[in-house]
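Trainee: Residue numbers (our numbering): 38 to 175.
(1) Note down the Cα distance separating residue 152 from residue 60, rounded to an integer number of angstroms.
(2) Taking C-alpha atoms, which residue in 175, 123 and 173 lies nearest to residue 161?
(3) With a threshold of 8 Å on Cβ separation, who are the neighbours of residue 164 within its own chain once the five nearest residues in sequence on each side are excluded?
(4) Would you mind giving the Cβ-Cβ distance between residue 104 and residue 66, rounded to the nearest angstrom? I have them listed as a contact below 8 Å.
(5) Can you check which of these residues, 50, 43, 45 and 42, is closest to residue 117 by C-alpha distance?
(6) Indicate the three-state DSSP secondary structure (helix, strand or coil) for residue 132 in the structure shown.
(7) Can you tell which of 64, 52 and 55 has its C-alpha closest to the C-alpha of residue 110?
(8) What whole-angstrom Cβ distance do residue 55 and residue 90 have, given they're in contact under 8 Å?
(9) Kindly list the residues whose CB is nearer than 7 Å to the CB of residue 87, restricted to its own chain and excluding five residues on each side of it in sequence; keep chain order.
(10) Quick one: using the 10 Å Cβ neighbour count with 16 as the cut-off for buried, is residue 38 buried or exposed?
This is the structure:
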């Protein structure tokens, strides 16, 4: 993982902040995560290069809002869970060369929330490997 570009590292943080921003907007966290990870917006972030990768989290959220309908009900996860989930999903994409859609099939929003306490202090690659292991047992 030492060959990651500055852009790759920037995108981990960006996606974490995007997930946090969904809280400020009052979106249902589980629904937001599902819709995002299965969206064309996430697919564009998965690309080798897309202009969206240079945008900020506010712009990316606007793109997602244009693409899908999100639920506002303040049924939300904590800020820490949301940041960690967004960050980990984007890191996962580069670490395992998986699409956002496939990553979500392996570890959905509820799995990420349930694993947060035990996994958020681990090295992110170890957490991802453990999430794979959990999915294989299910």
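Ideal Cβ placement from N, Cα and C applies to all residues, glycine included.
Mentor: From the atom records:
(1) 19 Å
(2) 123
(3) 125, 152, 156 and 157
(4) About 18 Å separates the two Cβ atoms, so there is no contact after all.
(5) 50
(6) helix
(7) 64
(8) The Cβ separation is near 12 Å, so there is no contact.
(9) 81
(10) A caution first: residue 38 carries a pLDDT of 48, below 50, which makes its placement in the model too unreliable to give a value.
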